[in-house]
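> What the first sequence shows, in the working numbering, is residues 60 to 524, in sequence order.
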Amino acid sequence: MGINKSLESHPVFGVTMRLSQYFLPVLRDVPKEAEIISHRLMLRAGMVRQQASGLYSWLPLGYKVLIKVQKIVEEEQNRSGAIQLLMPTIQSADLWRESGRYDAYGKEMLRIQDRHERDFLYGPTNEEMITDIFRTYVKSYKDLPLNLYHIQWKFRDEIRPRFGTMRSREFLMKDAYSFDLDKESAVRAYHRMFVAYLRTYARMGLTAIPMRADTGPIGGDLSHEFIVLADTGESEVFCHKDLLDKPIPAPDTDFRGDLSPIINDWTSQYAATEEMVDMAAYESAVPPDKRVTARGIEVGHIFYFGTKYSEPMKATVTGPDGKEITVHMGSYGIGPTRLVPAIIEASHDDDGIIWPVSVAPFEAVLINLKAGDAECTAACDSLYDELNANGIDMLYDDRDQGAGGKFATADLIGIPYQVILGPRGLKSGEVEIKHRRSGERETLPVGDAAKRIKALIEPQRRTDI
RNA sequence: CGGAGUGUAGCUCAGCCUGGUAGAGCACUGGUUUUGGGAACCAGGGGUCCAAAGUUCGAAUCUUUGUACUCCGACCA
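#1: What residue does the alpha helix (DSSP H) around Ser343 start on, and which one ends it?
#2: In whole angstroms, give me the CA-to-CA distance for Gln528 and Arg247.
#3: Compute the beta-carbon to beta-carbon distance between Ile189 and Val132, rounded to the nearest angstrom, for a pair I have assumed lies under 8 Å.
#4: Could you name the residues of the same chain whose beta carbon sits closer than 8 Å to that of Leu265, not counting the 5 residues immediately before and after it, in chain order?
#5: From Lys349 to Pro308, what distance separates their C-alpha atoms?
#6: Give the DSSP-derived three-state secondary structure of Phe466 in the structure shown.
#7: With DSSP run on the structure shown, which of helix, strand or coil describes Pro183?
#8: Hey, Ala509 and Glu434 are a contact pair by Cβ (cut 8 Å); roughly how many whole angstroms apart?
#9: Helix, strand or coil for Thr326 per DSSP?
#10: For the candidate residues Ala152, Lys233, Asp162, Tyr181, whose alpha-carbon lies nearest to that of Leu144?
#11: Would you please state the rounded distance, in angstroms, between the beta carbons of Glu333 and Glu295? I believe it to be under 8 Å.
#12: Three-state secondary structure (DSSP) at His387?
#13: Would you list the residues sitting across from Phe230 in a DSSP beta bridge?
#14: Who are His98's beta bridge partners in DSSP?
#15: Compute the distance between the beta-carbons of Asp409 and Ala430, then report whether it is under 9 Å.
#16: Could you give the C-beta distance for Pro204 and Asp162, rounded to a whole number, given that I count them as a contact under 8 Å?
#17: Anyone know if the C-beta pair for Glu491 and Val478 falls short of 9 Å?
#18: Taking the continuous alpha helix (DSSP H) assigned at Lys510, which residues delimit it?
#19: In or out: Ser319 buried (at least 16 other Cβ within 10 Å) or exposed?
#20: Check the DSSP bridge columns for Gln109 and list the partner residues they point to.
#21: Taking the CB atoms as reference points, tell me whether Ala469 and Leu428 lie closer together than 9 Å.
#22: Between the beta-carbon of Gln328 and the beta-carbon of His360, is there less than 9 Å?
#23: Got a sec, what are the start and stop residues for the beta strand (DSSP E) Ile479 sits in?
#24: So, does the stretch 330-344 touch the stretch 363-383, judging by three or more C-beta pairs under 8 Å?
#25: So, helix, strand or coil for Leu205, using DSSP?
#26: Going along the chain, which residues of its own chain have a beta-carbon closer than 7 Å to the beta-carbon of Gly159, five neighbours each way excluded?
#27: Alpha helix (DSSP H) containing Asp444: first to last residue?
#28: For Ile268, which residues in the same chain have their Cβ closer than 6 Å to its Cβ, ignoring the five residues on either side in sequence?
#29: What number of angstroms, rounded off, separates the C-alpha of Tyr363 from the C-alpha of Arg251?
#30: Can you tell which of Glu187, Pro183, Asp153 has the C-alpha that lies nearest to the C-alpha of Arg177?
#31: Bridge partners for Gly411 per DSSP, in chain order?
#32: By the 10 Å Cβ neighbour count, where 16 or more other Cβ atoms means buried, how is Gly73 classified, buried or exposed?
#33: DSSP three-state call for Pro400: helix, strand or coil?
#34: Can you tell me which of the three DSSP states Phe193 falls into?
#35: Beta-carbon separation of Ser417 and Lys127 under 9 Å?
#36: Here's the rule: buried if 16 or more other CB atoms are within 10 angstroms of the residue's CB, otherwise exposed. What is Ile524?
Rendered as structure tokens:
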């Protein structure tokens with residue numbers, strides 16, 4: 060795969076996404092360990108490789124998707140006023156002894172010792188560490204509210220990892236932590252994250268429904284899970300049908316203003332997971348024709364937990380009257396390494412993945428149907444240059460192989476648009492565009508292809524919804 | 001952690017019951033012909049048969065003990 064070829068034969072080596080030189084190990088057979096569709100497709104499309112139970116390498120194609128997902132998460136966190144930083148994966152046990160969670164967390168936490176036999180752990184979450192950072196630097200009520208987040212690897216030694224990266228032991232999580240003077244202000248911080256999450260999922264083409272949730276070991280008294288409906292979801296959920304097509308808060312939403320109307324709208328209808336559901340309440344709140352009972356994947360979880368950590372860890376600020384105030388906190392998690400399979404679960408067919416443009420590893424793939432033909436190849440090369448010049452994130456299938464295999468690969472890895480050019484079309488000066496999702500095909504002059512692809516793709520990038 | 005199952009080529013799997021030269025398809029390498037929905041032919045490379053111990057003249061195959069992975073349940077971004 061290009062390793063022994065001289066660089067001379069690749070004039071733009073290191074820049075192009077020519078499939079003949081890319082690293083895309085697609086699998087024809089389904090590896091037997093994969094049970095659910097997203098896991099199978101991620102393995103077949105060469106996105107990930109399992110290295111041990113619950114531990115995955117992200118191969119180039121998968122990593123490109125992961126990066127795009129992270130970018131959307133970051134953009135929406137930033138928009139809502141959260142500030143990004145980065146904390147280490149390894150944490151000192153002492154910090155966790157302060158909050159009392161070192162003993163409470165159990166075997167799910169991976170405990171390790173350094174060469175001096177000091178106790179450390181691979182962080183399953185970061186409340187303690189962020190609280191430590193906060194208390195060190197933030198001393199005045201004037202510095203609040205504050206919301207700090209990072210996207211970092213977590214490790215939870217799950218009893219049974221499964222479903223590929225959907226539930227792995229090492230996983231990437233965006234975790235945000237809000238600090239406020241009082242509960243009222245903390246609830247506003249909670250609302251900002253609530254809205255940011257709605258926007259984040261929508262931009263990835265996901266319909267996620269907020270549901271009242273149990274607070275679990277993180278604790279607290281206000282919490283929502285965001286659930287994507289999918290047949291392969293891990294838990295059963297019950298909700299009002301109208302929640303499925305509620306409008307998403309616009310990009311110019313004023314995060315400094317009062318968001319409670321939006322939150323009230325989204326929480327006014329019944330929605331609960333099987334742990335929280337009260338069947339009598341569900342049936343009285345939702346008329347039979349509006350009841351949706353389905354399976355769901357949890358793609359985010361937000362908590363308000365008051366002073367649970369700030370109090371034992373003494374995270375206080377000085378108030379206007381000179382008195383110490385223990386801050387109110389919340390934490391907010393989204394797992395990018397889980398979002399990727401969730402998107403696949405929600406968007407695929409028998410031939411493979413169907414990526415929404417906003418997270419697709421490539422926005423379009425140019426397929427040279429006859430790579431052995433000089434004329435056809437010259438036409439494809441120049442069309443490829445033109446598509447690149449138009450800012451399309453392109454993959455170029457320039458392999459000298461049969462057409463069937465190329466179509467199958469393009470379908471499998473789910474690139475939203477296929478630009479197909481072969482000797483037959485070239486004769487009449489025409490190129491074909493296949494829409495991956497609808498299967499629709501259109502034929503147009505080669506010279507119009509780049510403009511058409513651009514027009515198709517730009518509105519779907521969802522940078523502005 | 002309880003229950004079930006599987007480890008043989010990069011992947012999917014056969015061979016094991018009934019011990020006797022380690023196989024197939026796909027993938028890979030070289031060549032020829034091909035090229036609009038996973039092309040054909042010719043030639044070739046590739047294996048600690050999960051590990052250790054045992055039984056045996058002889059173990060992928062039988063026995064024991066480990067170990068890894070998967071599935072079902074209780075827990076979770």
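All C-beta atoms in this analysis are idealised placements derived from N, C-alpha and C, irrespective of residue type, glycine included.
Taking the structure as given:
#1: 338-344
#2: This structure does not reach residue 528, given that the chain is present from 60 up to 524, and the question cannot be answered.
#3: With a Cβ gap of about 17 Å, Ile189 and Val132 do not count as contacting.
#4: Val287, Val358, Leu398, Ala401, Ile402, Ala405
#5: 23 Å
#6: helix
#7: coil
#8: Not confirmed; about 20 Å, so no contact.
#9: helix
#10: Lys233
#11: 4 Å
#12: strand
#13: Lys213
#14: Paired residues: none, contrary to the question.
#15: no
#16: The Cβ separation is near 32 Å, so there is no contact.
#17: yes
#18: 508-516
#19: exposed
#20: Tyr115
#21: no
#22: no
#23: 476-480
#24: no
#25: strand
#26: Pro371
#27: 433-448
#28: Ile286, Cys298, Leu302, Ala330
#29: 12 Å
#30: Asp153
#31: Asp408
#32: The predicted position of Gly73 is uncertain, since its pLDDT is 48 and thus under 50; a value taken from the coordinates is nonetheless stated next. When all chains shown are included, Gly73 counts as exposed.
#33: helix
#34: helix
#35: yes
#36: exposed
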